[in-house]
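With the UniProt record's numbering applied, the sequence shown covers 1 to 164. Accompanying notes for the structure given below.
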Amino acid sequence: MNEMTKVLVVYHSRSGNTARMAAAVAEGAKEGGADVVMKKVEEAALEDLTGADGIVLGAPTYFGTLSAEMKGFIDGSVRVRGRLEDKIGAAFTSSGSPTGGNETTLLSMIQGMLIHGMVIVGDPLETGGHYGAVAVGAPDASALIACRKLGERVARLAKSIASA
Ligand SMILES: Cc1cc2nc3c(=O)[nH]c(=O)nc-3n(C[C@H](O)[C@H](O)[C@H](O)COP(=O)(O)O)c2cc1C
């Protein structure tokens, strides 16, 4: 029997907004047929990264970039450098303001994934956030749809890459 495609969702959230987005991403990835593991960044281990076919990172926007907790996790992933190549990646964030740096936050997380040689999923939809899913404060219905769609696409692409 073929092993199921694994998608890992790692998030940091202080006041719950990014956590709600993470749950919607995880839901979408399950709908896309993946076996999903969702972890708070404080609880995620390097083995979670190496064992996944798709990795979705989520952090709140702090001073126009990702929170220090998520940056620390990405920095720590240097120890598995070379072992995340060709995995599918994507990012999501919640910011306080629509122009408070949510896109720079997404791009910072994506940079880390690109440096690992991962393949990044964006979003061509008007409503989704082109560089990944975005919510301003608590995710509204359209942000949650964007999260679910992002999770579903990561699962679908991870499945096709894992079986290629
Ligand atoms: C230390 C700190 C810095 C922040 N900096 C920004 C910022 O630069 N731009 C912005 O739009 N929101 C900023 N915010 C607001 C958070 O991004 C926002 O409240 C977000 O929804 C929090 O997500 P969470 O509920 O997952 O913790 C900041 C919040 C904190 C605590």
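Just so you know, even glycine gets a beta-carbon here, dropped at the ideal spot from N, CA and C. Here the structure is a predicted model, which is why all the values come from computation and not from measurement.
Buried or exposed by the 16-neighbour rule on C-beta atoms within 10 Å, applied to residue i
| i | result |
| --- | --- |
| residue 148 | buried |
| residue 129 | buried |
| residue 67 | buried |
| residue 55 | buried |
| residue 16 | exposed |
Extent of the continuous alpha helix (DSSP H) run through residue i
| i | result |
| --- | --- |
| residue 104 | 102-115 |
| residue 72 | 68-76 |
| residue 157 | 141-162 |
| residue 50 | 46-50 |
Residue i versus residue j: straight-line alpha-carbon distance, rounded
| i | j | result |
| --- | --- | --- |
| residue 51 | residue 44 | 12 Å |
| residue 121 | residue 159 | 13 Å |
| residue 85 | residue 116 | 6 Å |
| residue 25 | residue 106 | 15 Å |
| residue 143 | residue 30 | 18 Å |
| residue 140 | residue 28 | 16 Å |
Residue i, enclosing beta strand (DSSP E) - first and last residue
| i | result |
| --- | --- |
| residue 25 | Where residue 25 is concerned, there is no enclosing beta strand (DSSP E), although the alpha helix (DSSP H) it sits in stretches over 17-31. |
| residue 168 | This structure gives no information on residue 168, because the portion of the chain shown stretches from 1 to 164. |
| residue 92 | 88-95 |
| residue 58 | 54-62 |
| residue 131 | Run containing residue 131: none; DSSP gives neither H nor E here. |
| residue 125 | Here residue 125 belongs to no beta strand (DSSP E), and DSSP marks it neither H nor E. |
Best match in the options for proximity to residue i [C-alpha to C-alpha]
| i | options | result |
| --- | --- | --- |
| residue 146 | 90, 161 and 107 | 90 |
| residue 3 | 33, 9, 14 and 17 | 33 |
| residue 92 | 5, 11 and 84 | 11 |
| residue 49 | 75, 131, 142 and 100 | 75 |
Is it the case that the stretch 105-112 contacts the stretch 39-56, given that we only count it when at least three CB pairs across the two stretches are under 8 Å?
The stretch 39-56, when compared against the stretch 105-112, does not touch it at the 8 Å Cβ threshold.
Taking contact to mean at least 3 C-beta pairs separated by less than 8 Å, is the stretch 135-145 in contact with the stretch 51-64?
The stretch 51-64 and the stretch 135-145 do not touch, with fewer than three beta-carbon pairs separated by less than 8 Å.
Three or more C-beta pairs under 8 Å: does that hold for the stretch 66-82 against the stretch 19-38?
As far as the Cβ criterion goes, the stretch 66-82 does not touch the stretch 19-38, which means the pair count is below three.
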